[in-house]
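Q: This structure is in structure tokens; I'll ask about it shortly.
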Amino acid sequence: MIGYLFDYETLRVIWWILLGVLLIGFAATDGFDMGVGALLPFVAKTDAERRVAINTIGPVWEGNQVWFILGGGAIFAAWPALYAVSFSGFYLAMFLVLLAMIMRPVGFKYRSKRTDPAWRTRWDWALFVGGAVPALIFGVAVGNTLQGVPFHFTPDLRPIYEGSLFGLLNPLALYCGLVSLAMLVTHGAAWLTFKAEGTVADRARAVGARSAIVTSALFAGGGVLVWLGLLGGYRVTSPIDWDGPSNPLVKTVVADGGAWLANFHAHPLLWIVPALGIAAPLLAAAGFQARLEGWTFIASKLGVAMIIATVGLAMFPILLPSSSNPSHSLAVFDASSSRATLRNMLIATVIFLPLILAYTAWVYSVLWGKVGEKSVEKAGSSAY
4 MIGYLFDYET LRVIWWILLG VLLIGFAATD GFDMGVGALL PFVAKTDAER
54 RVAINTIGPV WEGNQVWFIL GGGAIFAAWP ALYAVSFSGF YLAMFLVLLA
104 MIMRPVGFKY RSKRTDPAWR TRWDWALFVG GAVPALIFGV AVGNTLQGVP
154 FHFTPDLRPI YEGSLFGLLN PLALYCGLVS LAMLVTHGAA WLTFKAEGTV
204 ADRARAVGAR SAIVTSALFA GGGVLVWLGL LGGYRVTSPI DWDGPSNPLV
254 KTVVADGGAW LANFHAHPLL WIVPALGIAA PLLAAAGFQA RLEGWTFIAS
304 KLGVAMIIAT VGLAMFPILL PSSSNPSHSL AVFDASSSRA TLRNMLIATV
354 IFLPLILAYT AWVYSVLWGK VGEKSVEKAG SSAY
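If you use our numbering, the sequence shown corresponds to residues 4 to 387, in order.
Rendered as structure tokens:
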């Protein structure tokens with residue numbers, strides 16, 4: 004059994020699944036942090052209300068970002084070619100994301116240092132940027148990935164990227180960015196209704212009910228774009244050697260507008276995933292209306308997971324398609340690290356990931372309970 008788990012094909016598939024788990028973990032945890040930041044100007048009008056919203060995520064946002072680091076680390080170690088191409092090709096976009104995310108901890112730490120309203124308002128807008136910009140850009144990155152990224156490899160496997168930042172900001176990619184933004188705004192609103200009291204929760208409930216419906220409609224519209232072939236599609240036409248070398252130049256890939264639906268046609272049970280991606284936000288919208296806070300947050304989290312999983316299942320086994328030379332696309336079977344690296348990383352993951360999950364669960368249990376204006380006032384300067 005151990006030998007089977009450690010064969011190269013199985014390890015590659017396991018790490019593809021783990022990459023998806025880490026990305027979903029990031030979106031499901033730090034995603035509601037970003038959603039709260041993006042909602043801050045709309046659900047909190049006074050300084051007391053903004054402190055309520057901020058203090059729902061203030062104690063947990065740093066821990067939630069662990070998933071972002073784990074995801075980046077997994078790409079670097081398990082899929083080095085993917086890391087090299089995506090982080091160099093999306094360099095300016097990633098710079099914008101990191102710049103926005105840097106504004107978030109600075110905003111948390113500095114807004115409460117002075118009572119001057121103008122000072123606090125500036126940092127509140129920094130928190131808004133730190134939430135809205137990454138939520139949008141991550142979706143834009145997914146949109147470009149679906150369409151294909153303009154890169155190729157030289158014979159010695161040196162990646163050459165031929166795109167630009169403005170090329171990434173194309174209409175279809177921006178559409179995917181809106182899906183991501185609406186999804187995380189909904190998730191942030193669900194968190195606020197779950198954790199906040201009073202006016203902040205009421206406003207979040209009203210916004211979340213609308214953004215949940217928008218999320219479902221935009222995601223369904225994205226499915227139509229895929230069906231029409233407008234969001235690209237790539238298909239491997241050569242035989243796949245799952246135990247072969249990590250060399251993306253030894254296969255043949257063609258652009259095919261219907262390719263992103265092929266896995267669903269081949270395995271009809273997979274249609275459950277995008278169906279839940281449409282249905283879960285609608286369940287969240289109903290939960291907002293019915294004031295079922297816990298179920299609303301679970302439905303929102305399920306929607307996040309299913310929307311991200313739909314993209315991964317649609318593209319499998321391709322990780323990052325090349326629009327300039329489709330045969331140079333990166334795939335699960337030719338872009339991974341060595342078998343020994345994947346095996347050793349899996350052993351470390353089996354040991355440490357449960358510890359991370361246990362610690363995270365403990366932190367949330369300790370911080371259980373709602374945040375209201377009275378509790379923030381009682382905490383005084385120890386609150387954000």
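Yeah, the Cβ is synthetic: ideal placement off N, Cα and C, and Gly gets one too.
Counting only the same chain and skipping the five closest in sequence on each side, list residues whose C-beta sits under 7 Å from that of residue 282.
A: Result list for residue 282: empty, nothing under 7 Å.
Q: Is residue 5 buried or exposed, if buried means 16 or more other CB atoms sit within 10 Å of its CB?
A: Residue placement at residue 5 cannot be trusted, given a pLDDT of 48 that sits under 50; what the coordinates show is reported in the next sentence. It is exposed - the Cβ of residue 5 has fewer than 16 other Cβ atoms within 10 Å.
Q: As an exercise, report each continuous alpha helix (DSSP H) stretch of at least 4 residues that is fully enclosed by the region 170 to 214, in chain order.
A: 174 to 198
Q: Counting C-beta neighbours from all protein chains within 10 Å, is the total for residue 58 16 or more, i.e. buried, or is it exposed?
A: buried
Q: Taking all protein chains shown into account, decide if residue 355 is buried (16 or more other Cβ within 10 angstroms of its Cβ) or exposed.
A: exposed
Q: State buried or exposed for residue 125, treating a residue as buried only when at least 16 other CB atoms are found within 10 Å of its CB.
A: By the Cβ neighbour-count rule, residue 125 is exposed, with fewer than 16 other Cβ atoms within 10 Å of its own.
Q: Please report the straight-line C-alpha distance between residue 157 and residue 250, rounded to a whole angstrom.
A: 12 Å
Q: From the DSSP output, which residues share a beta bridge with residue 329?
A: Answer by DSSP bridge pairing: none, since residue 329 is not bridged.
Q: By Cβ distance, which residues of its chain are closer than 7 Å to residue 71, with the 5 residues on each side in sequence left out?
A: 29 and 33
Q: May I ask which residues mark the beginning and end of the beta strand (DSSP E) holding residue 258?
A: 256 to 258
Q: Considering residue 238, what are the terminal residues of the beta strand (DSSP E) in which it resides?
A: 237 to 239
Q: How is the alpha helix (DSSP H) around residue 17 delimited, first residue to last?
A: Where residue 17 is concerned, the enclosing alpha helix (DSSP H) stretches over 11 to 46.
Q: Going by beta-carbon coordinates alone, are residue 203 and residue 52 separated by less than 8 Å?
A: yes
Q: Would you mind working out which of 328, 229, 184 and 147 sits nearest residue 169, comparing C-alpha positions?
A: 147
Q: In this structure, does DSSP put residue 335 in helix, strand or coil?
A: coil
Q: Is the CB-CB distance between residue 183 and residue 210 below 8 Å?
A: no
Q: Candidates 297, 316, 253 and 47: which alpha carbon is nearest residue 270's?
A: 316
Q: Put residue 93 into one of helix, strand or coil per three-state DSSP.
A: Coil at residue 93, not helix or strand.
Q: Would you tell me roughly how many angstroms separate the C-alpha atoms of residue 179 and residue 234, rounded to the nearest one?
A: 10 Å
Q: Going by the CB atoms, is the gap between residue 19 and residue 409 shorter than 8 Å?
A: Shown here, the chain extends from 4 to 387; a query on residue 409 therefore has no answer.
Q: Within the continuous beta strand (DSSP E) that includes residue 268, where are the two ends?
A: Residue 268: not part of any beta strand (DSSP E); member of the alpha helix (DSSP H) spanning 265 to 269, first to last residue.
Q: Helix, strand or coil for residue 319, going by three-state DSSP, please let me know.
A: coil
Q: Just tell me which of 295, 10 and 73 has its CA closest to the CA of residue 26.
A: Scanning 295, 10 and 73 for the CA closest to the CA of residue 26 turns up 73.
Q: Using the DSSP secondary-structure output, state which residues sit across from residue 69 in a beta bridge.
A: Residue 69 pairs with nothing; no bridge assigned.
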